[in-house]
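To start, the structure itself, in structure tokens.
Chains as they are written, first to last, in this note's numbering: chain F, 2 to 331; chain S, 508 to 1011.
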């Protein structure tokens, strides 16, 4: 009996390992830096991860469906530039600029999904190519120059507060909640998990695989646009290469959060924690005055470590489950 | 040839292998003599491939021992068996399409052709040529694998097996994809190998072939060893009786059912170069069986009806009115249900729970404005779990952790939750244990009693005879016979299915 309880606790740790890693990091950093556990620093960390976090949440949907989107970084830059230019137009309400930005994100998602489903191509390749298209488009639209002098309203979205809580933090938590509900409590969410788990079987079960993929990419595009709004506001300008490489950070956060690379399962809260882990590491290394070059190396090593931990714990769990089944059969 | 004089080369005894919930092998034995062709036969799921996987070191037995040339051996991985001289030619084509014949044969063993750290292509191709000549196979060592016919690929696989200096070669249905002339070439090569002292284990479902080429036969059934006998001491009827084994009445609880109106009808279905002129109807309460050899086109017909593959022509009617089926969604909407033969690839979604797997096809029924009503869903899943008598800790358990029989019941449950009027079941008892089998037969019976029309595709003829009212024989993509259950015997049906395939 006692043994069984131990195994249950073991299961809990393995299932929530991202949370344990985060707690561990917080304890270590609280001990080594007095600034770390202050309210302003904590909000600072969350605000820093908000942009990447929202992209990662969308990416969780993509990875749960067994797809891939390498275009999100350049898409983020492009939509950032578009929203910035629109917001600067005299008399343009901010909400209209943002909605157009989100529409662009949705269209980009549609293109990514449609090209790969109609021609039956690997999403990896399609989005890699589209990434270049978005990159070029961002440069064309902005003439390759940063767009600055943004209106105050847009800057508020990125830098403002509601009470004591920064606006990006609110948006990040709201997005986590909405996408968590979507993935676990809606029909389409279930379909996304089904096609990620086994798309041929899902099709035979009556799931419209192509339409479900399309929805996954549309959500991804909308998330990118939302992140672009915050990004413009936070920097008070739109840089042509602001989002470059974001897809890699997103993949890292999603995998650290427990969503497998090959789909079939998605953990939104895990992704949020994954983002926080990356944010806490950056913040902690800053507080401890580690050089930014070493920070890059450290970040890579930690991501690798998290993925190794993930694959090893999956193995441990499989062995454990097999033991249970064997015991029952005998 | 006098068999008794030949020496024993391999003996597997008391082999037992447990899988979660199933005893895949139970005290099985196999004895091979040097230079014989030994047939290993049994129904699907009898345990032949599990036994061979143990011989090849892919699985480890839970109990039992293997004596090879008189010495006890343990193969922990396939390399161990290969090095000892035991190799297998798998049914699937496992070739690197872009490499040539020679490279495919010597794959992973290029080291023996290394010269100064570089691969000596010329030496490798010369060695290949020698091997091909010895076996009298006319093949170009430089030909790319992707340009070869299936028969030629079989030859390459055979060469690869022989190049390991194999003393025992296991051939898993080697002729299933070959034409008659190619089969003769294969026989010639096999006989030649045997004369040189190689032992062949021949797994086949074609009885004629076994009588033509094999010296001895080992029969397995339901994971148990039944008998080993010399081919010349057996006849076809005895063999069929031993393969089928059990008394039909015990396992098949067929009860008389009042058969109603025609609910489902197809006319002149065709899918180019796969099947054509397929017309039949099914009535309420009727169980219609589809008999035929593997590859005859039965599964493909069902896939076409259910909208998985595109039909070239033909009409499908449901309760008298024509329906358009372009996708599985359309099929489900029109009252069709489909339980696949391929649980792993087309059935289970392994990462989802038992509950989520069962409710997948019928989600809209538990949804409001796109949101799933968890309570409704759980109730439906719990009901179905009880109705199908699925054994699991809870419906939250991953479906991949269940035994084959329970997975199959869950997939039947998935279809039944959509309340189909017509249920298609493709090999409903493949690879599951006898207990679950008889439970599934009971389920089929109950469905028929409630007025559902059921179509069953099966390779086990006695199963069809046990549960169907009417049986269609499919051969080479056409309907070649129709029998009533009362007016046909197992042997007649088996003869029909086997003969028709051999004539064409």
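The beta-carbon is built from N, C-alpha and C at its ideal position, and this holds for glycine as well.
Residue 926 of chain S counts as exposed, since fewer than 16 other C-beta atoms from the protein chains shown sit within 10 angstroms of its C-beta. Between the C-alpha atoms of residue 664 of chain S and residue 852 of chain S there is a straight-line separation of about 26 Å. Chain F places a beta carbon closer than 8 Å to that of residue 836 of chain S, counting this residue as a contact. Residue-level contact by beta carbon holds for residue 863 of chain S and chain F, with a gap shorter than 8 Å. The shortest C-alpha to C-alpha distance from residue 40 of chain F to any of F:166, F:270, F:131 is the one to F:166. In the structure shown, residue 553 of chain S adopts coil according to DSSP, grouped into three states. In the displayed model, residue 705 of chain S falls within coil according to three-state DSSP, outside both helix and strand.
Within chain F, the residues placing a beta-carbon under 9 Å from that of residue 921 of chain S are 206, ordered along the chain. Proximity of residue 806 of chain S to chain F, defined by a Cβ-Cβ separation below 8 Å, is not satisfied. In this structure residue 888 of chain S is buried. Its beta-carbon is surrounded by 16 or more other beta-carbon atoms within 10 angstroms. Under the three-state reduction of DSSP, residue 522 of chain S is assigned to strand. C-alpha of residue 732 of chain S to C-alpha of residue 313 of chain F: approximately 39 Å in a straight line.
Residue 1000 of chain S and residue 560 of chain S have their C-alpha atoms roughly 32 Å apart. Taking a Cβ-Cβ cut-off of 8 Å, the neighbours of residue 868 of chain S in chain F comprise 206, 207, given in sequence order. The CB of residue 568 of chain S never comes closer than 9 Å to any CB in chain F; the least such distance is about 14 Å. Contact annotation for residue 871 of chain S against chain F: 188 [CB-CB distance below 9 Å, chain order]. Interface annotation for the stretch 249 to 271 of chain F against chain S: 265, 266, criterion Cβ-Cβ distance under 7 Å. Residue-level contact check: residue 121 of chain F does not touch chain S, since none of the beta carbons of chain S fall below 8 Å from its beta carbon. Beta-bridge analysis with DSSP links residue 825 of chain S to S:771, S:828. Within the stretch 195 to 227 of chain F, contact with chain S at the beta-carbon level (separation under 8 Å) is assigned to 195, 197, 198, 199, 201, 202, 203, 204, 205, 206, 207, 208, 209. Relative to the Cα of residue 907 of chain S, the nearest Cα in the group F:110, F:198, F:247 belongs to F:198. Taking C-alpha positions only, residue 70 of chain F is separated from residue 117 of chain F by approximately 11 Å. Residue 829 of chain S sits exposed, since fewer than 16 C-beta atoms from the chains shown fall within 10 Å of its C-beta. With respect to the 8 Å criterion, residue 792 of chain S and residue 973 of chain S are not classified as neighbours on the basis of their beta carbons. Not a single CB atom of chain F sits nearer than 8 Å to the CB of residue 812 of chain S. Leaving aside the five residues that flank residue 26 of chain F on each side, the residues in its chain whose CB is nearer than 8 Å to its CB run, in chain order, 278, 281, 282, 285. For residue 191 of chain F, the chain S residues whose Cβ falls inside 9 Å of its Cβ are 859, 863, 866, 867, 870, 879, in order along the chain. Relative to the Cα of residue 803 of chain S, the nearest Cα in the group S:684, S:741, S:602 belongs to S:684.
Looking at the backbone, the Cα of residue 896 of chain S and that of residue 961 of chain S are separated by about 20 Å.
Under the DSSP definition of a beta bridge, residue 595 of chain S partners with S:677.
Secondary structure of residue 762 of chain S (DSSP, three-state): coil. Its chain contains 924, 925 as the residues whose beta carbon lies nearer than 6 Å to that of residue 869 of chain S, once the 5 sequence neighbours on both sides are disregarded; these appear in chain order.
Separation of the CB atoms of residue 539 of chain S and residue 706 of chain S is rounded to 5 Å, and the pair is thereby assigned contact status at 8 Å. Residue state for residue 694 of chain S is assigned as helix, using DSSP reduced to three classes. Using a Cβ-Cβ distance cut-off of 8 Å, the stretch 121 to 131 of chain F and the stretch 59 to 74 of chain F are in contact, since at least three pairs of beta carbons, one from each stretch, lie closer than that value.
Between residue 856 of chain S and chain F, the shortest Cβ-Cβ separation is below 8 Å.
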